[in-house]
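> Mind having a look at this structure? Questions to follow.
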Amino acid sequence: MKLTWRKKKRSAGGTDGRYSEALGKWEAAITLTPKNALIHEQKAQVLLEVGDAWAALKAATRATELEPSWAEAWVTLGRAQLNFGEPDSAIESFDKALALKPESTEAQDDKQVALHLVKRRKQLHSSGVGSNTSRYVVGDKLLSN
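Numbered per the working numbering, the sequence shown spans residues 12 to 156.
As structure tokens, then:
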């Protein structure tokens, strides 16, 4: 499951499919104003669009470090954490966003997705499918000795 941004169209070419151009613009902007949380957050959104969850996670984390009272940055961080496979961390980020902006439907909706993923993971583990148990055999047949 991949969560992406649902905000209104952005400038800098990020919404028309020219993501590499947008990333270049955000990088240039970060070089000029490295302590601007908005730039880091928007870069994170573009990185989520191109599927680079790790880089998005780093950019969104930087945005929350620079502007810890900005709910939208916490939502973006939560989405990056979900895309990186960390639903527990994402829930914490969505909770921070909701503490700052309780009416945020984006944070509420995305938190529900994260809670569902955690619930499914627990169901899989309790059904005997754990980290040491394979659900599928990939490749050739198993050979017995």
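We treat Cβ as the ideally placed atom computed from N, Cα and C, and that holds for glycine.
1. Buried or exposed: where does S80 fall if 16 or more other Cβ atoms within 10 Å of its Cβ makes it buried?
2. Mark P98 as exposed unless 16 or more other C-beta atoms lie within 10 angstroms of its C-beta, in which case mark it buried.
3. Please state whether DSSP places S80 in a helix, a strand or coil.
4. Got a sec? Which residues, its chain only, sit under 6 Å from A71 by beta carbon, not counting five neighbours each side?
5. When burial is assigned at 16 or more other CB atoms within 10 Å of the CB, is W65 buried or exposed?
6. By the DSSP assignment, the alpha helix (DSSP H) with F95 in it spans what residues?
7. Mapping DSSP to helix, strand and coil, what is R29?
8. Taking the alpha carbon of P45 as the point to measure from, which residue in A74, R29, A67 has its own alpha carbon closest?
9. Is DSSP giving G62 helix, strand or coil here?
According to the structure shown:
1. Working through the sequence shown from its first residue, we reach residue 80 at position 69. S80 is exposed by the Cβ-count criterion.
2. As a working mapping, residue 98 is identified with position 87 in the sequence shown. P98 is buried by the Cβ-count criterion.
3. Translated into positions along the sequence shown, residue 80 becomes position 69. Coil at S80, not helix or strand.
4. For the purposes of this step, residue 71 is identified with residue 60 of the sequence shown, where counting begins at 1. Closer than 6 Å at Cβ, skipping near neighbours: A55, T87, L88, A91.
5. Against the sequence shown, residue 65 aligns to sequence position 54. It is exposed - the Cβ of W65 has fewer than 16 other Cβ atoms within 10 Å.
6. Along the sequence shown, one-based indexing puts residue 95 at 84. That residue, F95, is in no alpha helix (DSSP H); it is neither H nor E in DSSP.
7. Residue numbering aside, residue 29 sits at position 18 when the sequence shown is read from its first letter. If DSSP states are grouped into helix, strand and coil, R29 belongs with coil.
8. Translated into positions along the sequence shown, residue 45 becomes position 34. Looking at the Cα atoms, A74 is the closest of the given residues.
9. On the sequence shown, position 51 is the one that residue 62 refers to. If DSSP states are grouped into helix, strand and coil, G62 belongs with coil.
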